[in-house]
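Have a look at this one:
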């Protein structure tokens, strides 16, 4: 039995719902990185990072390739980077709206204080 599309989407967003996973994906946008470099950039214990990388790998968001004793991770495709770009754009719109509201509130306060 197949899962309804809305449930599959919810599962995708649940998967992305951890800051460490988002940070890993952001870092990998610049290109493949070995685990030790990811650890240098993210404040997390090695076992925690390993668990998050395993979740991302199982979900197909990242790929892992062994280079000797080093494991190098990369984004699985351009769509992942596109998803992160879309999230940034949505956040920018949201924050822009909040900035405009704050500006209006400050203007109202200044006008009320000046009267």
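In my numbering, the protein residues as written are 10 to 124.
Glycine is no exception: its CB is placed at the ideal position from the N, C-alpha and C atoms.
Can you tell me the Cβ-Cβ gap for residue 48 and residue 55, rounded? I've got them flagged as a contact below 8 Å.
Going by Cβ atoms, the distance from residue 48 to residue 55 rounds to 6 Å, so yes, they are a contact pair.
For the segment 78-97 against the segment 31-48, do three or more pairs of beta-carbon atoms, one drawn from each stretch, fall closer than 8 Å, so that the two count as touching?
With a cut-off of 8 Å, the segment 31-48 and the segment 78-97 count as touching, because enough Cβ pairs lie within range.
Option in 66, 64 and 32 with minimal Cα separation from residue 53:
32
Given residue 83, which residues of its chain have a CB within under 7 Å of its CB, disregarding the five upstream and five downstream residues?
Here the set comprises 37, 41, 71 and 72.
Between which two residues does the alpha helix (DSSP H) holding residue 85 run?
Careful: residue 85 lies outside any alpha helix (DSSP H) and carries neither H nor E.
Please list the segments of the beta strand (DSSP E) lying wholly inside the segment 15-56, counting only runs of 3 or more residues, in order along the chain.
none
At least one CB of chain D closer than 8 Å to the CB of residue 81: is that the case?
As a matter of chain content, chain D is missing from the structure shown, which is built from one protein chain.
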